[in-house]
Amino acid sequence: MQQIKTAFTERFEIDHPIMLAPMDKVSGGRLAAAVTRAGGLGVIGGGYGDEQWLRDAMAQAGNHPVGIGFITWSVQQQPLLIDLALSTSPVMLMVSFGDATDLVERAHRANVACCWQVHRLEQARQAIEAGADVIVVQGQEAGGHGMDRGLISLLPAVRDLAGPSQILLAAGGIADGRGLAAALMLGADGIMMGTRFWASVEADGLDSAKHQLLATRGDQTIRTKVFDIARNTAWPTHFTGRVASNAFSDQWHGNLDQLKANASAQQQRYRESDDEDYRTRVLIAGEATDMIHSIEPAAVIVESIACEAAALLNGANRFCVD
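Taking my numbering, the leading residue of the sequence shown gets 6, the next gets one more, and so forth.
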């Protein structure tokens with residue numbers, strides 16, 4: 006298989022410019038290791054910070070070189086988790102959602118590369134000034150938390166701001182080789198994917214959730230604050246989460262003030278619902294679900310995307326005529 010060579014693959018000595026998104030409680034050690042073995046870069050999803058879960062995930066990853074990612078505003082309240090992560094000499098510390106300047110400095114003191122996810126140009130400027138080794142540019146198409154800029158215009162704008170030497174990855178709405186090829190043309194050095202790897206054999210979580218993901222179309226996803234309120238998570242107001250709409254979100258999405266007024270009762274309703282009650286429970290999903298039709302091993306996902314992207318790039322000269 007022909008390989009795609011970029012500044013990202015060279016810096017991290019990997020075969021394919023594909024990185025696993027650190028999905029909370031989904032990107033465990035098994036999935037991260039599988040992506041790394043396939044020639045990409047696996048990243049464990051440290052999420053909000055659960056010490057025992059993180060220790061277990063790192064043990065599952067074994068000796069495979071993987072990164073560890075956290076939600077910035079949450080892990081800054083639990084600095085010992087950063088010490089724990091850095092003590093294992095991960096390939097990368099990834100941070101997202103908030104000013105992570107202090108975390109970049111801590112990673113660099115430990116000789117660990119730091120990746121910072123951004124959603125706006127001002128955030129990209131902050132990451133550049135902090136010395137982030139890699140910047141993930143996330144479009145609003147992505148599953149989970151993010152903001153409101155589309156990837157197709159935000160990515161080249163960040164490239165123009167950052168200059169040619171900054172390593173950039175694209176995220177949001179990418180699930181196949183077409184997305185990787187397009188991201189490279191827009192200025193990225195690779196991609197980070199979450200939703201596509203959620204529908205993988207090695208992803209942690211319920212099989213029913215993975216099958217529900219396959220049945221969800223991009224048109225059925227919304228960006229909302231409903232589940233932040235229902236789960237009583239302290240997300241900053243400017244971040245919303247892209248999820249599959251369901252009966253619970255249909256009831257409250259356009260009526261957040263009333264949901265907040267009834268927060269205690271609705272949070273109890275949510276807690277008491279069954280884990281597989283997808284009419285109530287959140288299913289995080291990006292717009293790329295339209296391109297996901299099967300649950301595959303991570304290696305198949307990585308290799309098929311890299312192969313398709315290489316073929317597309319090789320054939321791109323058919324659009325050019327003398």
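Glycine is no exception: its CB is placed at the ideal position from the N, C-alpha and C atoms.
Less than 8 angstroms separates the beta-carbon of residue 226 from that of residue 294. Annotation: the continuous beta strand (DSSP E) that includes residue 75 extends over 72 to 76.
Residue 69 is bridged by DSSP to nothing; it lacks a bridge partner. Straight across, the Cα-Cα distance linking residue 36 with residue 326 is about 44 angstroms.
Between residue 184 and residue 291, the C-beta gap is not smaller than 8 angstroms, which leaves the two residues out of contact. Using a C-beta cut-off of 8 angstroms, the region 23 to 31 makes contact with the region 194 to 210, since at least three inter-stretch Cβ pairs fall below that distance. The straight-line gap separating the alpha-carbon atoms of residue 315 and residue 267 is approximately 52 angstroms. Sixteen is the threshold: when 16 or more other Cβ atoms of the shown chains lie within 10 Å of the Cβ of residue 47, as they do, the residue is buried. Apart from the 5 residues on each side of it in sequence, residue 131 sits with its Cβ closer than 7 angstroms to the Cβ of 104 in its chain, given in chain order. Ranked by Cα distance from residue 303, the first of 45, 17 and 12 is 45. Positions of the alpha helix (DSSP H) runs, each at least 4 residues long and wholly inside the region 67 to 131, are given as 77 to 80, 84 to 92 and 106 to 114 in order along the chain. Closest in alpha carbon position to residue 142, among 133, 135 and 129, is 129. For residue 34, the closest of 164, 58 and 237 by C-alpha to C-alpha distance is 58. In the three-state reduction of the DSSP assignment, residue 223 falls in the helix class.
DSSP places residue 281 in the coil class of the three-state scheme, outside both helix and strand. Approximately 14 angstroms separates the beta-carbon atoms of residue 80 and residue 95; this is outside 8 angstroms, ruling out the contact. Counting the other CB atoms within 10 Å of its CB gives residue 174 a total of 16 or more, which places it among the buried residues. The beta-carbon separation of residue 66 and residue 38, rounded to 5 angstroms, stays under the 8 angstroms limit for a contact.
DSSP places residue 173 in the strand class (E or B) of the three-state scheme. Residue 245 and residue 321 have their C-alpha atoms roughly 36 angstroms apart. Here residue 235 is not near residue 263, since their CB atoms are 8 angstroms or more apart. Inter-residue distance for residue 215 and residue 144 is about 23 angstroms (C-alpha atoms, whole angstroms). In the three-state reduction of the DSSP assignment, residue 143 falls in the strand class, which pools E and B.
By DSSP's assignment, residue 24 forms a beta bridge with 46 and 197.
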